[in-house]
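One structure is given here, and the rest of the page talks about it.
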Amino acid sequence: MNEFKQISIDKIRKIGDLFSFEIDFPAWHNIVLFLSLLFLVSILVFETKIVLILLVGAVLITTVLLKPAYIYLLFISLFSIEGFTVFEGVSYPKIVGLLLMIGLTLKLALKKDSIPKDSSYKYFFLFFIGSVVSFAFAKNLTVSFQIYITYISLFILYIFTRYFLKNMEDVHNALNAIFFSTILVFAIVQIMNLSVRHRFDSRISSGMGDPNEFASYILVLIPLVLYRAIHSFGIRKIIFWGVLIIYILLLVATGSRGGVLGFLGASAVLIYYYGIGKMRQIVIFLILVATIAIFFIPDEFWFRVTTITNPETERGHAISLRIGHYKAAVKMILDYPIAGVGLANFKFNNMNYGDTEQQVVHNTYLEILTGGGLLSFIPFMLILLSCWSKLNIKMKVDKNIVDILISLKASFVSILITSFFLSADHKKILWFLLALISSVFYIASEQNKKRDISLR
């Protein structure tokens, strides 16, 4: 009788164990059971599409709790399809980012973990405070609020990147995810004949919808691919050189004049630092560029390049329109220098300043100055300067870290240049780059400290 009771108690305990779980890492059978129940209930209550969305969401949140780094890699891999939306105004990266935020928040709370320290946080705080003041002058408060929420979400992206990129292996994994997903997305878009704007022209934009934005995005990646090519061996070196060639071809295919200037700026940084030490790699890089320029670049591209210095030869009126935007922006800044006219509200005011079309200013710096005034612009510039100061090439660290700092500086210069020709302040690639710079800086600083201690 006692043996029977003991067996019964053991069975009850086993059943209880089936539904129990550790707070930090839930048991797999509990997860499968939960997802199965969720799936069955959802089928009975909701439509099939909603069921699939809920199921995928549950799987992603569960993965965040167990392996959040995988969801982060998925998140940044979706940067190049920002133009495609799941619902009205909701892109794929936004959905994955929201799930990542929920899951990571739960994980941080359960594990009592914390976000990494960063000297730039105070400037972000000032930027958010200064931007709030501009709401008082906004004609369209809804648009201002939307862009403000976008800034907050981009700051969360900054925190994600700082949290997940803790060593150089993490950095390399993140870069690889972006490198190959960008090519994969472009291939799928071309093969399936997709278009964000539902119209097709000779200038490509992949999954972003704007050729200039895609050019700015590719320009950030080109120096980083070169870094990976320099520090790889065997088949990996060949692959990364191949990726570099593809990226240069994609840059050309965007037909972006700002992209040309950004490329020249990035190349100048690379040649300045690598002119002697990495002469062979730089020569290969320049030969690749020259070969592509001679055999693959169409005449239309060269014609667009000449309009940079000779705008009067342009067939359209894009340059004259932008000059009109810039003039209106300057007048607007003089009228509202402190708090601006409201975030992203330039297009609701520019017609009052002699502009001919209601559009954004197509200049990151003027966009922030007109929208948030000096209260937003000064903290924004402090964020940029803070990240620039972290690109300390003279730190006593491994050569591969020095090289990635050089590549990051080239990428940073390129996006600072292209930001004169598009509104990059709310683009993910800019904020990812800022966070990547900070992550590498703190990795390098930690290595520098350890080296100093070992020398004592």
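Going by our numbering, the first residue of the sequence shown is number 479, and it counts up by one from there.
Where a beta carbon is used, it is the ideal one built from N, C-alpha and C, also for glycine.
What you are looking at is a predicted structure, and each value in this text was computed from that prediction instead of being measured.
Can you give me the Cβ contacts of residue i inside the same chain, cut-off strictly under 6 Å, excluding the 5 residues immediately before and after it?
{"i": "Asn841", "result": "Phe898"}
{"i": "Gly818", "result": "Ser612, Thr848, Gly849, Gly850 and Gly851"}
{"i": "Ile656", "result": "Ile554"}
{"i": "Ser892", "result": "Leu697, Gly740, Gly743 and Ala744"}
Are the CB atoms of residue j and residue i within a distance shorter than 7 Å?
{"i": "Ser953", "j": "Ile861", "result": "The chain is shown only over 479 to 934; residue 953 falls outside these bounds and no answer can be derived."}
{"i": "Leu821", "j": "Ser609", "result": "yes"}
{"i": "Ser889", "j": "Pro594", "result": "no"}
{"i": "Phe718", "j": "Val698", "result": "no"}
{"i": "Ile915", "j": "Cys865", "result": "yes"}
{"i": "Asn823", "j": "Asn618", "result": "yes"}
{"i": "Pro857", "j": "Phe623", "result": "no"}
{"i": "Val747", "j": "Lys868", "result": "no"}
Keeping to the same chain, check which residues put their C-beta closer than 7 Å to that of residue i; ignore five residues upstream and five downstream.
{"i": "Leu556", "result": "Tyr570, Pro571 and Val574"}
{"i": "Asp648", "result": "Phe642"}
{"i": "Trp909", "result": "Leu632, Leu635 and Tyr636"}
{"i": "Ala707", "result": "Lys715, Phe718, Trp719 and Leu722"}
{"i": "His709", "result": "Asn878 and Asp881"}
{"i": "Met670", "result": "none"}
Who are the Cβ neighbours of residue i in its own chain at under 8 Å, not counting the five residues just before and after it?
{"i": "Leu799", "result": "Thr834, Glu835 and Gln837"}
{"i": "Leu586", "result": "Ser592 and Ile593"}
{"i": "Leu582", "result": "Val542, Pro546, Phe638 and Tyr641"}
Taking buried to mean at least 16 other C-beta atoms within 10 Å of its own C-beta, is residue i buried or exposed?
{"i": "Thr639", "result": "buried"}
{"i": "Ala665", "result": "exposed"}
{"i": "Gly832", "result": "exposed"}
{"i": "Arg825", "result": "Position check: residue 825 holds Lys in this sequence, whereas Arg was assumed. Result: buried."}
{"i": "Arg765", "result": "For the record, residue 765 in the displayed sequence is Ile; it is not Arg. Counting Cβ neighbours within 10 Å, Ile765 comes out exposed, since fewer than 16 surround it."}
{"i": "Met686", "result": "buried"}
{"i": "Glu924", "result": "exposed"}
{"i": "Val568", "result": "exposed"}
{"i": "Phe603", "result": "exposed"}
According to DSSP, is residue i part of a helix, a strand, or is it coil?
{"i": "Thr834", "result": "coil"}
{"i": "Val568", "result": "strand"}
{"i": "Gly743", "result": "helix"}
Does chain D have any CB closer than 7 Å to the CB of residue i?
{"i": "Met579", "result": "Among the protein chains of the structure shown there is no chain D, as only one such chain exists."}
Below 8 Å, how does it come out for the region 656-669 and the region 709-729: are there three or more Cβ pairs, yes or no? yes
Can we say the region 904-920 touches the region 626-635, given the rule of at least three CB pairs closer than 8 Å? yes
Within the chosen definition, does the region 868-883 reach the region 801-812 through at least 3 CB pairs nearer than 8 Å? no
Evaluate the contact criterion for the region 731-738 versus the region 685-701: three or more CB pairs, one atom per stretch, below 8 Å. yes
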